[in-house]
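Numbering (my numbering), first residue to last: 19 to 301.
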Amino acid sequence: MLQQTDIDLTVLCENSVGGPTGLIGEHGWAVGIATPSVRILFDTGQGLGIISNCDLLGFDLSRLDKIVLSHGHYDHCSGLPLVLPLTGNIDVHIHEQGFGYRCCHSDKNNDREIGILHSKSSLESLGAHFCFNKNFCAIAEGIYLSGEIPRNTSYEKQDPRLLRADKTGKLQQDPHIDDQTLIIDSKQGLIIILGCAHAGIINILNHVQQQLSDRPIHTVIGGTHLGFADDEQFAATVDALHAFDIQCLAAAHCTGLERAAQLARIFGSRFRFAPVGTRIHIP
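Encoded structure:
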């Protein structure tokens, strides 16, 4: 089984910015992945910075082989119609439940739409070839999608503010069945790229290790959704994280500044923030 080497990860969209002058921060997430054999864009942000940030950071969208969308939220998918004219026809991996009406319910009873804001047909007209999957699968040699994540922990709960429409149009709490993670098997160990970890970061890590049981986890990067976790959930998550012996935990996006600062204190040199402009090289 091929293990990828000489892997470069570049954060292209994130809530904050660090790096060259001119980069754009936004509430969103996107990572460029480059190996000697494949180039992948994981998520696309909400479209405010993806094109100019790629230009400034030297990540050539016209050379992409694949696009992966972690889940069907606007802050991960809305850059797609801007990217597609540069890629031409391209495979876009997403769970079959990625499309559909989703909203965020505020205390003022004001629902804000947060799903994919463009229709499937319009994105296909721009060159997207959607590859729907719900099971753990390889999308390139040594590179995998998690598929649906079993929900086994007692403390990782869904955000009650996030809703989606069922088949009848009635709003219900969103189970985020479409939440998927990208896994790269490297010589150093597994590299796990999260979207928002709506399924729970510990559920995700447990699932990955069950699928690739002989491989240690080296790097975890992305949104952890811990910014919305209460203290009990956060403490239980940190306790569980210690058992994985992660060498690089690069938290971003929905982790939130307060929780990210706490993780930095707890994990020390193994933690890093991941704003736009972050580059991680795994030999």
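Positions of the beta carbon are idealized from the N, C-alpha and C atoms, including for glycine.
Endpoints, the beta strand (DSSP E) within which residue i is located
| i | result |
| --- | --- |
| Cys31 | 25 to 31 |
| Thr237 | 235 to 241 |
| Glu109 | A quick correction: the sequence has Asp, not Glu, at residue 109. 108 to 112 is the extent of the beta strand (DSSP E) around Asp109. |
| Gln21 | Per DSSP, Gln21 belongs to no beta strand (DSSP E) and is neither H nor E. |
| Lys84 | 84 to 86 |
| Val49 | 48 to 52 |
| Glu131 | 129 to 131 |
| Arg277 | No beta strand (DSSP E) contains Arg277, which is instead part of the alpha helix (DSSP H) from 275 to 285. |
| Leu100 | Where Leu100 is concerned, there is no enclosing beta strand (DSSP E), although the alpha helix (DSSP H) it sits in stretches over 98 to 105. |
Beta-carbon proximity of residue i to residue j, cut-off 8 Å
| i | j | result |
| --- | --- | --- |
| Gln21 | Asp263 | no |
| Pro178 | Asn221 | no |
| Asp83 | Val101 | no |
| Ile134 | Phe117 | yes |
| Thr23 | Lys205 | yes |
| Leu87 | Ile112 | yes |
| Gly36 | Gly295 | yes |
| Ile42 | Ser70 | yes |
| Leu212 | Gly245 | no |
| Ile108 | Ala156 | no |
| Ser34 | Pro293 | yes |
| Ile85 | Leu59 | yes |
| Ile132 | His91 | yes |
| Thr237 | Gln265 | yes |
| Leu280 | Glu174 | A small correction: the amino acid at residue 280 is Gln; Leu does not occupy that position in the sequence shown. Contact flag unset, no. |
Limits of the alpha helix (DSSP H) - the one that residue i falls within
| i | result |
| --- | --- |
| His147 | No alpha helix (DSSP H) holds His147; the beta strand (DSSP E) holding it covers 146 to 150. |
| Ala253 | 249 to 260 |
| Gln229 | 219 to 229 |
| Cys95 | 92 to 95 |
| Leu59 | Here Leu59 belongs to no alpha helix (DSSP H); instead the beta strand (DSSP E) covers 57 to 60. |
Residue i CB to nearest heavy atom of the ligand SAM below 7 Å
| i | result |
| --- | --- |
| Arg277 | The model depicted lacks the ligand SAM and carries no ligand whatsoever. |
Nearest-angstrom Cβ-Cβ length linking residue i and residue j, presumed shorter than 8 Å
| i | j | result |
| --- | --- | --- |
| Asp26 | Arg297 | 7 Å |
| Leu200 | Leu163 | 6 Å |
| Pro234 | Leu208 | 7 Å |
| Trp47 | His89 | About 10 Å; that fails the 8 Å criterion. |
| Leu189 | Leu180 | Wrong, their Cβ atoms sit about 10 Å apart, outside the cutoff. |
| Ile219 | Thr186 | Rounded, the Cβ-Cβ distance is 32 Å, inconsistent with contact. |
| Pro10 | Leu79 | This structure leaves residue 10 out entirely; the chain is present only between 19 and 301. |
Beta-bridge partners of residue i, as assigned by DSSP
| i | result |
| --- | --- |
| Leu163 | Cys155, Leu200 |
| Phe291 | Ala269 |
| Cys72 | Paired residues: none, contrary to the question. |
| Ile209 | Ile202, Thr237 |
| Ala183 | Leu189 |
| Arg120 | Arg182 |
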